[in-house]
Amino acid sequence: EVRLVESGGTLVQPGGSLRLSCTASGFIFSSYSMYWVRQAPGKGLEWVSFVSRISDTIYYADSVKGRFTISRDNAKKSLYLQMDSLRAEDTAVYYCARGEGSYWSKYWGQGTLVTVSS
Amino acid sequence: DIVMIQSPDSLAVSLGERATIDCKSSQSVFYSSNNKTYLAWYQQKPGQPPKLLIYWASTRDSGVPDRFSGSGSGTAFTLTISSLQAEDVAVYYCQQYYSTLWTFGQGTKVEIK
Chain A
1 EVRLVESGGT LVQPGGSLRL SCTASGFIFS SYSMYWVRQA PGKGLEWVSF VSRISDTIYY
61 ADSVKGRFTI SRDNAKKSLY LQMDSLRAED TAVYYCARGE GSYWSKYWGQ GTLVTVSS
Chain B
1001 DIVMIQSPDS LAVSLGERAT IDCKSSQSVF YSSNNKTYLA WYQQKPGQPP KLLIYWASTR
1061 DSGVPDRFSG SGSGTAFTLT ISSLQAEDVA VYYCQQYYST LWTFGQGTKV EIK
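Protein chains in written order, with the numbering used here: chain A, 1 to 118; chain B, 1001 to 1113.
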């Protein structure tokens, strides 16, 4: 069974940093590209970042570029999102998702809530 | 970035009736080199992650009831629920993957009338 479990979400002050993790199981992690997608409270889905299978290709949404860093450790079957200079508008549930190629995603984690507030 | 616009933002449909959601992209998401349309549809219920319904604009994911269908080409797409069931109450999103920088529609909330 494919499982993606996010962790690391919490309350953080504006300007602070946070590192999210996503632990994968039930599939060959190194064979898939991975995504972070977020959803602000009561709002729609927003793609945040993409990392290819061997991390040779990485993309970010303009809204997080220069502040967030995606990475992965294939040996640990884990995906990460380092979030710096956090703003109130970064408040959201953050989902990790397995890419089918760089196309759609069938498998999503349950999400982890990041709240940026003083 | 490719902008995805859904309509309507919400709709209420009687049980057993048809629900139709439209999605328009700001540019074509059709690749002529492989004759494929790079569009997916998701269903999201409260407190849950999105669930994949449709990919390649019209291919149902495994286990998705056949009352869900996708159609369209180029820049205009439709998700149809042929006979709305109580468990279909959810928000539905279209997503383009023509660009690796995914973009989603704003969502359409489907309720029971």
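The beta carbon of each residue, even a glycine, is placed where N, CA and C say it ideally should be.
Values in this document were obtained by computation on a predicted structure and should not be read as measured data.
Contact annotation: the stretch 48-57 of chain A does not touch the stretch 1006-1019 of chain B, with fewer than three C-beta pairs closer than 8 Å. Per DSSP, residue 1051(B) is one residue of the beta strand (DSSP E) stretching across 1051-1055. For the stretch 99-118 of chain A, the beta-carbon criterion of a distance under 9 Å to any beta-carbon of chain B is satisfied by 99, 100, 101, 102, 103, 104, 105, 106, 107, 108, 109, 110, 111. For residue 1081(B), DSSP records a beta bridge to 1019(B), 1068(B). Close to residue 50(A), with beta-carbon spacing below 7 Å, are these residues of chain B in chain order: 1100.
A residue is called buried when at least 16 other Cβ atoms come within 10 angstroms of its Cβ; residue 2(A) does not meet this threshold and is exposed. In the structure shown, residue 6(A) falls within a strand segment according to DSSP collapsed to helix, strand and coil.
Straight across, the Cα-Cα distance linking residue 1096(B) with residue 1033(B) is about 17 Å. Counting the other CB atoms within 10 Å of its CB gives residue 1071(B) a total below 16, which places it among the exposed residues. Residue burial annotation: residue 1016(B) is exposed, with fewer than 16 other C-beta atoms found within 10 angstroms of its C-beta. Contact check for residue 1068(B) and residue 1053(B): beta-carbon distance about 5 Å, within the 8 Å limit, so the pair qualifies. Residue nearest to residue 107(A) within the set 14(A), 113(A), 29(A), 69(A) is 29(A) (criterion: CA-CA distance). Taking 7 Å as the cut-off between beta carbons, none of the residues of the stretch 1008-1034 of chain B comes near chain A. The C-beta distance from residue 45(A) to residue 94(A) rounds to 11 Å, too long to fall under 8 Å, and the pair is not in contact.
Here residue 4(A) is buried, its C-beta having at least 16 other C-beta atoms within 10 Å.
Residue pairing by DSSP places residue 1007(B) opposite 1022(B) in a beta bridge.
A check of alpha carbon separations from residue 1086(B) across 1001(B), 1014(B), 1010(B), 1002(B) identifies 1014(B) as the nearest. Ranked by how close their Cα comes to the Cα of residue 1040(B), the residues 1084(B), 1102(B), 1001(B) have 1102(B) in first place. The three-state reading of DSSP puts residue 89(A) in helix, counting H, G and I together. Rounded to whole angstroms, residue 43(A) and residue 1050(B) show a C-alpha spacing of 13 Å. Between the alpha carbons of residue 35(A) and residue 1083(B) lies a distance of about 33 Å. Each of 1044(B), 1020(B), 1100(B) was checked against the Cα of residue 1093(B), and the nearest Cα belongs to 1044(B).
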